[in-house]
Each structure stands twice: as C-alpha cells, then as structure tokens.
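One structure below.
Residue numbers (the numbering used here): 10 to 89.
Below you can see the structure in the form of structure tokens.
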C-alpha cells in the first residue's frame, strides 16, 4: 500500500457513498491518474470494489484497515 494516498482514498470512500475517481481525486487533491492507479491496487488487495460503471465503494477489509484491525503489510494481492 502507498501511504498516505491509499489512506486518503479509503477515507473518502468511508463516508458510505459510492463515488468515482474524479470526485475522489478532487476531494483528496491528487490527480485522477494517481487515483485510478491506486484504486486498481486497492481492489487487488480487497479494500475497495467496483460497484458500477466508474463507481467504487470500500469493503469490510477496507473498513478494518482504517480502524487498525488489519495490517496491510501482511496481505497479498487477490489473484482471482
């Protein structure tokens, strides 16, 4: 994981909304390309899922990570 950008993305998604990368980028002051790249990684690790065309939401694992209940360093990407 790439801190703090990944944390910012997860925190933006932690509001209970399904939002797109453009809105995330605007809210965390990062480029849209950076957000797209990091979303792909967060999906691989199971912290974020794509719910609709261009919209994303945080998963239970993402919530657990933000709450300090999950160590991202011990995870491996989901190859499925």
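Glycine included, every Cβ here is placed at the ideal spot set by N, Cα and C.
Does DSSP put residue i in a helix, a strand or coil?
i          : result
residue 15 : helix
residue 74 : helix
residue 27 : coil
residue 40 : coil
residue 84 : coil
residue 51 : helix
residue 79 : coil
When the Cα atoms are used, what is the spatial distance from residue i to residue j?
i          : j          : result
residue 72 : residue 84 : 15 Å
residue 36 : residue 65 : 15 Å
residue 55 : residue 38 : 24 Å
residue 5  : residue 78 : Residue 5 lies beyond the stretch modelled for the chain, which goes from 10 to 89, so this question has no answer here.
residue 34 : residue 23 : 15 Å
Since residue i sits in a beta bridge, which residues does DSSP pair it with?
i          : result
residue 67 : 57
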